[in-house]
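A quick write-up on the structure given underneath.
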Amino acid sequence: MTPQVMTPVLMIEPSSWLRSGITIEQVDDVNLVKFTADLHLRLEELLEQKKAGTLTAEEEAEYAGISELERIMSFVNAKLIANRGGK
């Protein structure tokens, strides 16, 4: 097995948004974690700036942190949905 190469990335810690940027929403009898409307809007703003190549270093760190949180939430939601079938 090939060892995984990890590249350091400067980011704002994803946990910094747990209290203010995350909500729980019930979808088809499963509680899923979602971004609040404000955090979702911020992610969209940062994505547009990234596409335009106008992110500052601070915004790049913010974008990286929110993107990582989005990946974590997708993983958690997939687990929640998969476990729903085991009820």
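Each residue of the sequence shown is one higher than the last, beginning at 11 in my numbering. Each residue gets a CB set at the ideal place from its N, CA and C atoms; glycine is no exception. These figures come from a predicted structure and were not determined experimentally.
N-terminal and C-terminal residue of the alpha helix (DSSP H) that VAL86 is part of | 67-94
Between the beta-carbon of TYR73 and the beta-carbon of LYS60, is there less than 8 Å?
-> yes
Using DSSP with H/G/I as helix, E/B as strand and the rest coil, what is GLU55?
-> helix
Might you give, ordered along the chain, the residues of its own chain that have their beta carbon closer than 7 Å to the beta carbon of GLU69, omitting 5 neighbours on each side?
-> LEU56, GLN59
Backbone secondary structure at LEU49 - three-state DSSP | helix
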